[in-house]
Every structure is written in C-alpha cells, then in structure tokens.
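Engineer: Following this message is one structure expressed as structure tokens.
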Amino acid sequence: MGVGKSSVGRRLANRLRLPFADGDVEIESAAGMTVSEIFAALGEDEFRAGEARVIRRLLEGPPLVLATGGGAMMNPETRALLKARADTVWLRADLKVIAERVARRDTRPLLRGKDPLTVLTDLAEVRYPIYGQADVTVDVGQGSHGQAVDSIHRTLRRHWRERRRTETKP
8 MGVGKSSVGR
18 RLANRLRLPF
28 ADGDVEIESA
38 AGMTVSEIFA
48 ALGEDEFRAG
58 EARVIRRLLE
68 GPPLVLATGG
78 GAMMNPETRA
88 LLKARADTVW
98 LRADLKVIAE
108 RVARRDTRPL
118 LRGKDPLTVL
128 TDLAEVRYPI
138 YGQADVTVDV
148 GQGSHGQAVD
158 SIHRTLRRHW
168 RERRRTETKP
C-alpha cells in the first residue's frame, strides 16, 4: 500500500501496450461496494475471498498488467495462481516514505484510526518474506513514477531474457 501500484501499473501497461486492471477497482465493481464498505460490512475475510475470485478471473483472460492489493499475495492459492500465470513484481519502498504517503488520506481500512508507520511495520514483518517470493523486486520510493516504470521495465526484460535462457537449455 502506498507504493504507487495503480499509477505505476497504468504507466507500465502503456509501455508494454497491454491493458491495465486495478484489483481494488475490479473488486469494487464486482461487489458494488467500495473496499472500505466491504471491510466495514463484510470484514477482511470476505474482501480477501472476493479479491481471490477477481484475480483468478483476470488471470484467466488475456495478458494484462494487474495491480493487486498488498494482501493478495498472502492468500496461498492466489499466490500460487499469480506465480503460475503472471510475472510478479514487488514494488519495495522505505516504510517511512510509504507512511508519509498513506497518512495523507484516511481511505485505507487497515490504517483507519491507527499510526501508519506502526501498522506498516507490523505488516512488513509478516508480508515481506512472502513478497520476497516475487519474480522480481524493484525499489521505488522518492523517484518519479516514470523512473519506477523504467526500472520495472528494465528488470522485467532481464527476468524474461533469463527465463528464455533457462527454458532453452537442454
């Protein structure tokens, strides 16, 4: 959360000439409710179940750039599906930078009424080992979204070349 997944993802999709989907927007569309409303009315477990269904549907379609919420990778089935059907990218940023960004708006259910840095630090302890399983990790943060896209694109191209080399070895 707060690393710019949607903005950077949209720009990356343009660079790759692929459609873009924001997982949260897709979930809201499917549920007819905002993420905050889903959390408030149905709870995080139901949000995560809906998130898993939406991600599965999107990944069964044509190639796209998909920005998933930070909790998506925590679901073992969703994580396995993403690893099987997608090239996963962890956009890693300094927690203090993220905390400053997310403190600007009170729209994130996991942060509502809490100290953002404390929550993000607690989440990082649990999530970072899982995020570390991404195909590539790209450090983003203080730079522009354009710089982040350049870095992701460069890192993905390296990843794709390496995968082709490994796949063609006898």
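Numbers in the numbering used here are just positions in the sequence shown, counted from 1, shifted up by 7.
No residue lacks a Cβ here, since even glycine has one placed at the ideal position from N, Cα and C.
Note that the structure is predicted; figures quoted are calculated from it, not measured.
So, under 8 Å CB-CB, L89 and M80 are touching, yes? Tell me the CB distance rounded to an integer number of Å.
Structural biologist: Indeed, because the Cβ distance is near 7 Å, the residues count as touching under 8 Å.
Engineer: Could you check where the beta strand (DSSP E) with D146 kicks off and where it finishes?
Structural biologist: Taken as a continuous stretch (DSSP letters only), the beta strand (DSSP E) holding D146 covers 143-146.
Engineer: Straight-line CA distance for T128 to L102?
Structural biologist: Rounded to whole angstroms, T128 to L102 spans 7 Å at the Cα level.
Engineer: Can you tell me the Cα-Cα spacing of K12 and L25, whole angstroms?
Structural biologist: About 16 Å.
Engineer: Is D129 near the ligand GDP, going by C-beta to nearest heavy atom under 7 Å?
Structural biologist: The model depicted lacks the ligand GDP and carries no ligand whatsoever.
Engineer: Could you name the residues that DSSP lists as bridge partners for A28?
Structural biologist: Note: A28 sits in a beta bridge opposite L73.
Engineer: Check whether the Cβ atoms of L65 and E33 sit closer than 8 Å, and answer yes or no.
Structural biologist: Against a cut-off of 8 Å, the Cβ pair of E33 and L65 comes out as a contact.
Engineer: For T173, count neighbouring C-beta atoms within 10 Å of its own C-beta (all shown protein chains included) and say buried if the count is 16 or more, exposed if not.
Structural biologist: When all chains shown are included, T173 counts as exposed.
Engineer: Please list the terminal residues of the continuous beta strand (DSSP E) segment that includes R99.
Structural biologist: It spans 96-99 - the beta strand (DSSP E) in which R99 sits, taken as one unbroken run.
Engineer: From G76, E67, L71, pick the residue whose C-alpha is nearest to that of F54; which is it?
Structural biologist: Closest option to F54, Cα to Cα, is G76.
Engineer: Please list, in chain order, all residues of the same chain as V10 whose beta carbon is under 7 Å from its beta carbon, the five residues on each side excluded.
Structural biologist: Excluding positions up to five away in sequence, the list reads L98, A100, I105, V147.
Engineer: Between D94, V15, D52, which has its C-alpha nearest L163's C-alpha?
Structural biologist: Nearest option by C-alpha distance: D94.
Engineer: According to DSSP, is R18 helix, strand or coil?
Structural biologist: The answer is helix: DSSP assigns R18 an H, G or I state.
Engineer: Drop a sphere of 10 angstroms on the beta-carbon of E51, count the other beta-carbons inside from all chains shown, and report buried for 16 or more, exposed for fewer.
Structural biologist: E51 is exposed by the Cβ-count criterion.
Engineer: Reducing DSSP to helix, strand and coil, say where S43 ends up.
Structural biologist: Note: S43 maps to helix in three-state DSSP.
Engineer: Should V72 be labelled buried (16 or more other beta-carbon atoms within 10 Å of its own) or exposed?
Structural biologist: So V72 ends up on the buried side.
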